[in-house]
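In terms of this note's numbering, the sequence shown opens at residue 14 and continues consecutively. All residues carry an ideal CB built from backbone N, CA and C; glycine is no exception.
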Amino acid sequence: MMTLEQRARLEHLLGRMRKVAQRRRTPIERSEAAIIVAFLTSFLEGRDTSRPVAQWISMAEQALDDWDATAEGA
């Protein structure tokens, strides 16, 4: 079960991931972002509950941090 705070965090991350998916430089980066967007959307819509909500939040935050670090190093 997801708390309102967790849901709000996931929705915020989903919005950021959608933006990332549109502006990534390489097809691989865009594909990675699109896949995470699809998983987060599926989870928020209740279609995929195979992972705990904390794992989804962690996965999205880690991907965003990695891409931010890559962008800063470019």
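Could you work out which residue in the options is closest to residue i when comparing CA atoms only?
i	options	result
Arg20	Ala47, Leu77 and Gly59	Gly59
Classify residue i as buried or exposed, calling it buried when 16 or more other Cβ atoms lie within 10 Å of its own Cβ.
i	result
Leu27	buried
Leu17	exposed
Ala46	buried
Ala67	exposed
Looking at the unbroken alpha helix (DSSP H) that takes in residue i, where does it start and where does it end?
i	result
Met15	Per DSSP, Met15 belongs to no alpha helix (DSSP H) and is neither H nor E.
Please work out which residues of its chain come closer than 8 Å, Cβ to Cβ, to residue i, disregarding the five sequence neighbours upstream and downstream, and give them in chain order.
i	result
Ile70	Gln19, Arg22, Leu23 and Leu26
Val50	Leu27, Met30, Arg31 and Ala34
To which residues of the same chain is residue i closer than 6 Å at the C-beta, ignoring the five residues directly before and after it?
i	result
Asp81	none
*beta strand (DSSP E) runs wholly inside the region 25-76, at least 3 long, in chain order*: You should have found no qualifying run.
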